[in-house]
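> One gets UniProt numbering by counting positions in the sequence shown from 1 and adding 187 to each.
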Amino acid sequence: LARGVTAPDLAGRHVVVSAGGTREPLDPVRFLGNRSSGKQGYALARTAAARGARVTLIAANTGLPDPAGVDVVRVGTAVQLREAVLKAAPDADAVVMAAAVADFRPSAYATGKIKKKDGEEPEPIVLVRNPDVLAEISADRARAGQVVVGFAAETDDVLANGRTKLRRKGCDLLVVNEVGERRTFGSEENEAVVLGADGSETPVPYGPKEALAETVWDLVARRFG
Ligand code: CTP
Ligand code: CA
C-alpha cells in the first residue's frame with residue numbers, strides 16, 4: 188500500500204466519519220444515552236487525515252479534543268446527526284458511521300424539568316423510532332462511487348447477525364465487533380471482522396483502534412479503485 192513517503196492513498200478524497208453516541212433529551216437536564224466513547228471514530232478521522240484525506244468528523248457527545256486538521260461538527264441527537272451527515276454526504280467519497288445512534292427517542296420533550304409529585308407514580312416514557320442514517324445514506328448514494336461503511340456491535344452469532352445487518356442496511360462494508368466480557372466500550376483496543384457486500388471477510392486481531400481504522404481505510408481505498 189502506498190503510504191508514508193509516497194503519495195498518501197487518500198489524497199484528494201473527502202471522507203465523513205461519525206463518532207460518539209447520540210443523546211435523546213427527556214427534559215432540559217435529562218437524556219437517554221449510550222456508552223460509546225467516540226474513540227474508534229476519532230481513530231478513523233486521525234488515520235484518514237494522516238493518509239491525505241479531507242475529513243469531516245461528526246462528533247456526538249464525545250468530549251474528546253478536536254483532531255488536528257479535521258473539520259469537526261458537533262451534534263447531540265440522532266436527528267441532528269442525520270442532518271449533519273446528509274449535509275456533508277453529497278461531497279463525500281466515503282461515509283463511515285462509527286457513531287452509536289439511538290434507535291429510539293422520547294416521544295415528548297418537557298420544556299421544563301420533570302418533577303415528582305408526592306404519592307403519584309411516574310409517567311411511563313414513551314419512545315418513537317429515530318431515522319436510520321446508515322440505511323438512508325446507503326440507499327441515497329449522494330455521490331457516484333461513494334463507499335459507505337457501518338459498524339455493529341453484536342453479542343451472539345456475530346458473523347450471521349453481521350451478514351444479515353449488512354444486507355438490511357445496504358452498505359458496502361460492515362465492521363462487526365464482538366462485545367461482552369473484556370471487550371468493553373471505552374477501551375483503547377478493539378477486535379473485529381470487516382464484512383464486505385462482495386462476500387469478503389477481513390478479520391482484524393485484538394489491538395489498538397488505529398489498527399482497525401487503518402484496515403477500514405485499506406478496504407475503502409481498494410473500493411475507490
Ligand atoms: N445506525 C444509524 N442510524 C440508526 C441506528 C444505527 O445510522 N438509527 C448505524 C450505526 O451508526 C451503525 C449501524 O447503523 O453504523 C449499525 O448499528 P446497530 O445499532 O448495530 O444496527 P441497528 O440496525 O440499529 O440494529 P439493532 O437492532 O441490532 O440495534
Ligand atoms: Ca441500534
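Every residue, glycine too, gets a C-beta built ideally from N, C-alpha and C.
Quick check on DSSP: helix, strand or coil for residue 413?
Only positions 188 to 412 of the chain appear in the structure, and residue 413 is not among them; the question remains open.
> Identify whether Val363 lies in helix, strand or coil by the three-state DSSP scheme.
In this structure, Val363 counts as strand in the three-state DSSP scheme.
> Take the Cβ of Ser224 as the centre, count every other Cβ of all protein chains shown within 10 Å, and call the residue buried at 16 or more, exposed below.
Ser224 comes out buried.
> Please classify Thr243 as buried or exposed, where buried requires at least 16 neighbouring CB atoms within 10 angstroms.
The residue is buried, with at least 16 neighbouring Cβ atoms inside 10 Å.
> Leaving out the 5 sequence neighbours to the left and right, which residues in its chain are closer than 6 Å to Asn377 when beta-carbon positions are compared?
Cβ neighbours of Asn377 beyond the five flanking positions: Lys396, Leu399.
> To the nearest angstrom, how far is it from the Cα of Met284 to the Cα of Gly306?
Computed Cα separation, rounded: 45 Å.
> Evaluate the contact criterion for the region 265–281 versus the region 197–216: three or more CB pairs, one atom per stretch, below 8 Å.
With a cut-off of 8 Å, the region 197–216 and the region 265–281 count as touching, because enough Cβ pairs lie within range.
> Are Asp359 and Gly383 close, meaning C-beta to C-beta below 8 Å?
Taking 8 Å as the Cβ cut-off, Asp359 and Gly383 qualify as a contacting pair.
> Would you say Phe411 and Val334 are within 8 Å of each other, going by their C-beta atoms?
Yes.
> Could you tell me which uninterrupted beta strand (DSSP E) segments, each at least 3 residues in length, are contained entirely in the region 213–272, listed from first to last along the chain?
Runs of the beta strand (DSSP E) inside the region 213–272: 217–219, 241–247, 258–262.
> Have a look at Gly299 and Glu323 and give me their C-alpha separation to the nearest angstrom.
Answer to the nearest angstrom: the Cα atoms are 33 Å apart.
> Under 7 Å from any heavy atom of ligand 1, does the C-beta of residue 167 make it?
This structure gives no information on residue 167, because the portion of the chain shown stretches from 188 to 412.
> Considering only heavy atoms of ligand 1, does any lie closer than 7 Å to the CB of Phe411?
For ligand 1, not one heavy atom lies less than 7 Å from the Cβ of Phe411.
> Assuming Ile301 contacts Asp214 under a Cβ cut-off of 8 Å, what Cβ separation, rounded to an integer in Å, is found between them?
With a Cβ gap of about 5 Å, Ile301 and Asp214 count as contacting.
> Quick check: does the Cβ of Asp343 come within less than 7 Å of any heavy atom belonging to ligand 2?
Because no heavy atom of ligand 2 lies under 7 Å away, the Cβ of Asp343 does not count as near it: no.
> Label Gly332 either buried or exposed according to how many other C-beta atoms from any shown protein chain fall within 10 Å of its C-beta, with 16 as the threshold for buried.
So Gly332 ends up on the exposed side.
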